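First comes the structure, then the notes that go with it.
In the working numbering, the protein residues as written are 2 to 107.
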């Protein structure tokens with residue numbers, strides 16, 4: 002998404018294209034009543050910490066949320082691969098799979 006747009010605005014489009022999931026782990030940028038309702042309507046349990054200015058407190062699984070750093074680290078490592086960051090390859094998805102496999106075995 003653009004810098005001035007919230008993350009959860011574009012996430013709904015991505016969710017439609019993904020296979021079914023049990024839980025979505027997101028950061029505070031995904032905390033909105035509308036996004037949480039959309040997740041629950043699809044049968045997905047949100048694991049999203051509430052924003053600091055939220056009036057009602059929402060509970061989330063803190064142990065599960067700690068696993069989010071693994072996904073963030075994977076994307077950080079993928080950005081080191083220039084061809085993925087700039088999308089030089091014609092077969093973009095295959096380049097991501099190759100990079101993820103190499104990073105997994107390192």
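Glycine is no exception: its CB is placed at the ideal position from the N, C-alpha and C atoms.
A quick note: this is a predicted structure, and the numbers were derived from the prediction, not measured.
Check                                                                                                                            : Outcome
Beta-carbon proximity of residue 42 to residue 24, cut-off 8 Å                                                                   : no
Residue 31 and residue 14 closer than 8 Å at C-beta                                                                              : no
Beta-carbon contacts of residue 95 that lie in its chain and below 6 Å, excluding the five residues immediately before and after : none
Beta-ladder partner(s) of residue 48, from DSSP                                                                                  : 26
8 Å Cβ cutoff met for residue 104 and residue 75                                                                                 : yes
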